[in-house]
Amino acid sequence: MKHFLKETDFGRSELEALFQQARELKATRGRHARPLEGQTWALLFSKSSTRTRVSFEVGIHELGGNPLFLNRNDIQLGRGESVADTARVLSRFIHGLVIRTHDHREVQELAARGSIPVVNALTDLLHPCQIFADAFTLAERWSNGGADLTGSLRGRKIAFVGDRGCNVANSWIMGANLFGMKISLAGPPGFDAAPEFNQLLKQEGFPNGYEFTTDPWAAVKDADVIYTDVWVSMGKEEETEERIRVMTPFRVTEELCAAAKPGALFMHCLPAHAGQEVTEQVLEGPRSIIFDQAENRLHMQKAILAALAASARR
Ligand code: CP
Ligand code: NVA
Numbered sequence: 014m015k016h017f018l019k020e021t022d023f024g025r026s027e028l029e030a031l032f033q034q035a036r037e038l039k040a041t042r043g044r045h046a047r048p049l050e051g052q053t054w055a056l057l058f059s060k061s062s063t064r065t066r067v068s069f070e071v072g073i074h075e076l077g078g079n080p081l082f083l084n085r086n087d088i089q090l091g092r093g094e095s096v097a098d099t100a101r102v103l104s105r106f107i108h109g110l111v112i113r114t115h116d117h118r119e120v121q122e123l124a125a126r127g128s129i130p131v132v133n134a135l136t137d138l139l140h141p142c143q144i145f146a147d148a149f150t151l152a153e154r155w156s157n158g159g160a161d162l163t164g165s166l167r168g169r170k171i172a173f174v175g176d177r178g179c180n181v182a183n184s185w186i187m188g189a190n191l192f193g194m195k196i197s198l199a200g201p202p203g204f205d206a207a208p209e210f211n212q213l214l215k216q217e218g219f220p221n222g223y224e225f226t227t228d229p230w231a232a233v234k235d236a237d238v239i240y241t242d243v244w245v246s247m248g249k250e251e252e253t254e255e256r257i258r259v260m261t262p263f264r265v266t267e268e269l270c271a272a273a274k275p276g277a278l279f280m281h282c283l284p285a286h287a288g289q290e291v292t293e294q295v296l297e298g299p300r301s302i303i304f305d306q307a308e309n310r311l312h313m314q315k316a317i318l319a320a321l322a323a324s325a326r327r
């Protein structure tokens with residue numbers, strides 16, 4: 014049974030086929046095969062979402078399946094029913110589960126105790142669907158319609174500026190190592206990745222797979238992409254004041270972007286706070302590809318769902 018809990022759940026040898034499938038599904042939207050025909054896939058969410066929820070609901074529908082949205086607080090899990098029992102009960106009814114929650118271990122336990130494919134739609138630790146869609150967005154541009162999508166990523170540099178310990182930053186460290194890219198992260202000291210993430214990097218064989226600096230200008234040097242995310246992730250609201258105070262020197266501005274490679278692109282997973290982690294000028298400017306990223310969530314996730322459904326049928 015294949016799950017997608019972290020980037021490395023797809024091996025290097027599977028990536029090109031996955032990216033080609035996303036490209037094909039994008040090109041043939043509305044007339045491609047429907048590999049989830051007759052299936053129901055649930056979305057179990059404990060946090061807010063616009064892009065992830067809508068792209069998965071639409072994607073499951075377009076693949077022929079029936080999406081079932083479950084708010085954690087509306088099911089017995091929210092009243093204390095165990096994750097293990099929830100996994101086993103849901104496995105008797107549905108064909109796959111997409112989950113967004115706080116604790117990454119909950120996603121792991123659902124996968125371990127159930128008997129259906131599980132997709133991580135964001136935890137406090139990782140956001141792998143986002144990074145695969147982002148990497149596809151870059152590969153689409155850099156391959157210029159050529160055959161080798163993932164090959165176009167190799168050797169490129171991404172600079173992540175801001176909350177360098179957040180889920181999207183962690184996932185980009187995993188992604189950069191998987192795709193053969195360089196990654197440099199700039200942020201204030203004291204907001205480092207959780208020990209659990211360093212453990213995961215070690216386990217995956219990427220213990221030194223990134224550069225960290227407190228100097229955003231050093232991070233963006235020679236970068237092909239400048240990436241940022243919100244300074245206050247979901248669940249961190251109590252730290253808002255402190256985070257804004259220490260992260261303000263890490264705001265992505267046009268001047269900072271101009272210190273990267275000529276033609277460097279700007280990316281943000283969204284939602285964005287214009288004027289906080291990034292200026293309105295950069296967000297709305299010509300280097301920004303934020304809405305291509307958002308759109309590609311749909312196409313890449315459909316490719317992921319199709320791959321997991323195929324592995325579950327075997
Ligand atoms: N980028 C992203 O995951 O957005 P949502 O929180 O709206 O799903
Ligand atoms: N780091 C952000 C990403 C939102 C898509 C959060 O976890 O809130």
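Going by the numbering used here, the sequence shown opens with residue 14, and the numbers climb by one from there.
Where a beta carbon is used, it is the ideal one built from N, C-alpha and C, also for glycine.
- Between L321 and F17 a beta carbon distance of about 6 Å is seen, short of the 8 Å cut, so the two are scored as contacting.
- Counting along the chain, the unbroken beta strand (DSSP E) around N84 starts and ends at N79 to N84.
- A straight line joining the alpha-carbon of A272 with that of W230 spans about 7 Å.
- The C-beta separation of F225 from R177 comes to about 7 Å, placing the pair in contact by the 8 Å criterion.
- In the displayed model, L103 falls within a helix according to three-state DSSP.
- Ligand 2 approaches H140 closely enough that one of its heavy atoms is under 7 Å from the residue's Cβ.
- Distances from the CB of V131 to the heavy atoms of ligand 2 are all 7 Å or more.
- R44 has its alpha-carbon roughly 42 Å from the corresponding atom of K249.
- Here E224 is bridged, per DSSP, to S197.
- Straight-line measurement puts the Cα of A55 at about 38 Å from the Cα of A277.
- Using a Cβ-Cβ distance cut-off of 8 Å, the segment 161-175 and the segment 128-141 are not in contact, since fewer than three pairs of beta carbons, one from each stretch, lie closer than that value.
- Annotated as distal: D22 and T150, with beta-carbon spacing of 8 Å or more.
- N84 counts as exposed, since fewer than 16 other C-beta atoms from the protein chains shown sit within 10 angstroms of its C-beta.
- For P284, the Cβ falls inside the 7 Å cut-off from some heavy atom of ligand 1.
- Here A316 is buried: its Cβ has 16 or more other Cβ atoms, across all protein chains shown, within 10 Å.
- Cβ contact annotation for S197 (same chain, cutoff 6 Å, sequence separation greater than five): A172, E224 and A232, in chain order.
- Note that the segment 72-84 touches the segment 44-53; at least 3 beta-carbon pairs, one per stretch, sit closer than 8 Å.
- Taking a 10 Å sphere around the C-beta of H281, we find 16 or more other C-beta atoms and assign the residue as buried.
- DSSP places K170 in the uninterrupted beta strand (DSSP E) bounded by K170 to V174.
- Residues of the same chain with a CB within less than 8 Å of the CB of D228, apart from the 5 flanking positions on each side, are A199 in chain order.
- Restricted to the segment 241-324, the alpha helix (DSSP H) segments that are unbroken, complete and at least 4 residues in length are 253-260, 267-271 and 293-296, listed in chain order.
- Classified as buried, D147 has 16 or more neighbouring CB atoms from the shown chains inside 10 Å of its CB.
- For G72, the secondary structure class from DSSP, reduced to helix, strand or coil, is helix.
- Taken through DSSP and simplified to helix, strand or coil, R113 comes out as strand.
- Minimum Cα-Cα distance from R66 among the listed residues S26, F32 and V111 corresponds to V111.
- F145: member of the alpha helix (DSSP H) spanning P141 to W155, first to last residue.
- Counting only the Cα atoms, A236 lies some 9 Å from K195.
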